[in-house]
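In mature numbering (1 follows the signal peptide of the UniProt record, and there is no 0), the protein residues as written are -22 to -1, 1 to 507. No residue lacks a Cβ here, since even glycine has one placed at the ideal position from N, Cα and C. A short worksheet on the structure shown next.
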């Protein structure tokens, strides 16, 4: 249920009791209608202060939604659960921030509401208030139109101004930031280090970034690099400077680099050669003739036409969980969702087939190839790259890399493929990889609260955050290597690799979005380079 339809449903449940559960709706209705004396009487007579309606809304949620400030204060004083969430994972503080209920936000914070609590979209109340108001105008417009027949009006100029005030209220104070530590560890022969001030960055903004990060249950590491210098580093939970669990789909961007290196060496398949040129054993098995036209260039761009497995339990299980690992056979049995080259579809099978094709064409095991041609030249560590039962490295993921080595890879791409004057990845390949061949590559106009204009290159994502154009490698759970070219910056996150490992049955998506929001919030606030 969307935010718009949920609020409308709450109003209907409260105004027309027969639509909702009779046991809980009288208190909700009294709150919506602003009958403070009736609410007080009902609380004194023992009504459940935390009762939830059919949509998970508690009395305090209703008060926050419809701006019943006096009643909200009454409920807070009476011990209402300030962190209770509705069916979308939103607490009263999230709702009050979105609807510009400044006095209710003040009361919630005074009552001890958790300002770092995340909703089902991975957003804190600060994310909700601080993100671009204009991006939310379609939601406000639809909500206003739906509520008008009920005599309820949204004052958008008031909400716009109130959100700015609320964002300032929710932002950490200088006292909260004073003790935040993110000083990099100095190690001989490793990254040079500097303070934010020495690197031309705002120390308070970085402290706010690390303070937010410290409240994320699944974030393990956060690094910030400026002009080749490490200026911020902190590890949380199971993270550490040497920690190197799988980085999941970050591997895809490394695989793209290996393809570019192989092109330079003359062993990679021609970009416009057909996929089946490296899989002759599948020639007779393929029944859909469109598959004979799939090229490696389309594969790199995720435009081959194979399905996005995360949206299909059948194909997800066939690829990841069946135990058959029939990756090559899937060329024949996975359907195409469109003609090759005509549409974007994020497909793990596509990356796996790229890895197999590259290994075959170069007659090599990709792990030693990667160590010799990519990792060692930039001083990075590849702790492990899992080999599948067919004898090929897993191309969609399963590289295990420490955070600092991820940062080296990001710096390599930021510098056009060079490392200490050595051209490790061809410069034209880096440019082609970071270009966007698909606009609106995400399922919605924005990814989280801050990233918009999502695009896709050669196994790299792109987006806009505030005034910054960014490129990023992205792995499941919240693994990120984000490049901010205009400012010479790299931001790296590592995260719990097991979180929501089965994305259909156990998504954990809001926690991954929380990491994206923390990074997006910081980058969107950076000045234009």
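_Between the CA atoms of residue 293 and residue 312 - distance to the nearest angstrom_ = Here the alpha carbon of residue 312 sits roughly 7 Å from the alpha carbon of residue 293.
*Are three or more beta carbon pairs between the stretch 436 to 444 and the stretch 210 to 222 nearer than 8 Å?*
No, the stretch 436 to 444 is not in contact with the stretch 210 to 222.
*Would you mind giving the Cβ-Cβ distance between residue 281 and residue 238, rounded to the nearest angstrom? I have them listed as a contact below 8 Å.*
Between residue 281 and residue 238 a beta carbon distance of about 18 Å is seen, past the 8 Å cut, so the two are scored as non-contacting.
_CA-to-CA distance, residue 59 to residue 430, given in whole angstroms_ = Whole-angstrom Cα-Cα distance: 34 Å.
*For the 8 Å Cβ check, are there 3 or more pairs between the stretch 155 to 168 and the stretch 413 to 424?*
Short answer: they don't touch.
*asked:* Which residue marks the beginning of the alpha helix (DSSP H) containing residue 6, and which one marks its end?
replied: From DSSP, the alpha helix (DSSP H) with residue 6 extends over -1 to 10.
_Quick check on the burial criterion: 16 or more other C-beta atoms within 10 angstroms. Buried or exposed for residue -1?_
Only weak support exists for where residue -1 lies, its pLDDT of 43 falling under 50; the coordinates are left without a value.
_Cβ distance (whole Å) where residue 95 is taken to contact residue 75 below 8 Å_ = Cβ-Cβ separation between residue 95 and residue 75: approximately 11 Å, too far for a contact (criterion under 8 Å).
*Between the C-alpha atoms of residue 539 and residue 335, what's the straight-line distance to the nearest angstrom?*
Nothing about residue 539 can be reported from this structure: the residues present for the chain run from -22 to 507 only.
*Report the residue from 325, 386, 376 whose alpha carbon sits nearest the alpha carbon of residue 355.*
Per the Cα distances, 386.
*Would you please state the rounded distance, in angstroms, between the beta carbons of residue 384 and residue 459? I believe it to be under 8 Å.*
Indeed they touch by this definition, with Cβ atoms about 5 Å apart.
_Using 7 Å as the threshold, is the C-beta distance between residue 381 and residue 201 below it?_
Annotated as proximal: residue 381 and residue 201, with beta-carbon spacing under 7 Å.
*State the beta-bridge partners of residue 397 as determined by DSSP.*
DSSP output for residue 397 lists 400 as bridge partner(s).
*asked:* If we require 4 or more residues per run, which alpha helix (DSSP H) segments fall completely within the stretch 7 to 95?
replied: Every alpha helix (DSSP H) of 4 residues or more that sits fully in the stretch 7 to 95 is shown, in chain order, as 14 to 22, 37 to 43, 47 to 55, 70 to 76, 80 to 88.
_Minimum Cβ-Cβ distance from residue 104 to chain B less than 7 Å_ = Absent from the structure: chain B. Only one protein chain is present.
*Can you tell me the Cα-Cα spacing of residue 490 and residue 453, whole angstroms?*
Roughly 10 Å between the two C-alpha positions.
_Nearest-angstrom Cα separation, counted from residue 365 out to residue 256_ = When only Cα atoms are considered, residue 256 and residue 365 end up about 19 Å apart.
*If you draw a straight line from the C-alpha of residue 175 to the C-alpha of residue 184, how long is it?*
Roughly 10 Å between the two C-alpha positions.
*Taking Cβ to Cβ, would you say residue 328 is nearer than 7 Å to residue 260?*
The answer is no: Cβ separation not under 7 Å.
*Specify the secondary structure class of residue 483 as computed by DSSP and reduced to three states.*
In this prediction, residue 483 has a pLDDT of 48, which is less than 50 and means its spatial position is unreliable; nothing more can be read from the coordinates.
*Under the DSSP definition of a beta bridge, which residues are partnered with residue 363?*
The beta-bridge partner set that DSSP reports for residue 363 consists of 377.
*Is DSSP giving residue 252 helix, strand or coil here?*
It is a strand residue.
*Report the rounded CA-to-CA distance for residue 151 versus residue 388, giving the unit in angstroms.*
The straight-line gap from Cα to Cα measures roughly 32 Å.
*Are the stretch 330 to 346 and the stretch 183 to 199 touching by the rule of at least three beta carbon pairs closer than 8 Å?*
A contact between stretches requires three or more CB pairs, one per stretch, nearer than 8 Å, and the stretch 330 to 346 fails this requirement with the stretch 183 to 199.
*Note the first and the last residue of the continuous beta strand (DSSP E) segment covering residue 450.*
Membership of residue 450 in the beta strand (DSSP E) is indicated by the continuous run 446 to 453.
*Taking residue 131 as the reference, which of 30, 77, 263, 240 has the closest Cα?*
Per the Cα distances, 77.
*residue 431 - containing beta strand (DSSP E), residue span*: Unbroken beta strand (DSSP E) run through residue 431: 429 to 434.
*Give the secondary structure of residue 370 by DSSP, where H, G and I count as helix, E and B as strand, and everything else as coil.*
DSSP places residue 370 in coil when its eight states are reduced to three.
*Among residues of its own chain, excluding the 5 on either side of residue 228, which ones have a beta-carbon nearer than 6 Å to its beta-carbon?*
For residue 228, where only same-chain residues beyond five positions count, the Cβ hits under 6 Å are 451, 453, 457.
*residue 414 and residue 378 look like a contact to me (Cβ under 8 Å); what is the Cβ gap, rounded to whole Å?*
In fact, because the Cβ distance is near 29 Å, the residues do not count as touching under 8 Å.
_Rounded to whole angstroms, what is the Cα-Cα separation between residue 46 and residue 193?_
Near 30 Å, if we compare the C-alpha coordinates of residue 193 and residue 46.
*Distance, residue 40 Cα to residue 135 Cα*: The C-alpha of residue 40 is placed about 22 Å away from the C-alpha of residue 135.
*Taking 7 Å as the cut-off, decide whether the C-beta atoms of residue 268 and residue 314 are in contact.*
It is a contact, given that the beta carbons lie within the stated cut-off.
*Whose C-beta lies closer than 6 Å to the C-beta of residue 492 among residues of the same chain, with five residues either side of it excluded?*
Closer than 6 Å at the Cβ level, and outside the excluded window around residue 492, lie 96, 100, 194.
_Please classify residue 79 as buried or exposed, where buried requires at least 16 other C-beta atoms within 10 Å of its C-beta._
Buried: at least 16 other Cβ atoms inside 10 Å.
*asked:* For residue 287 and residue 437, what's the separation of their Cα atoms in angstroms?
replied: When rounded, the distance between both Cα atoms is 16 Å.
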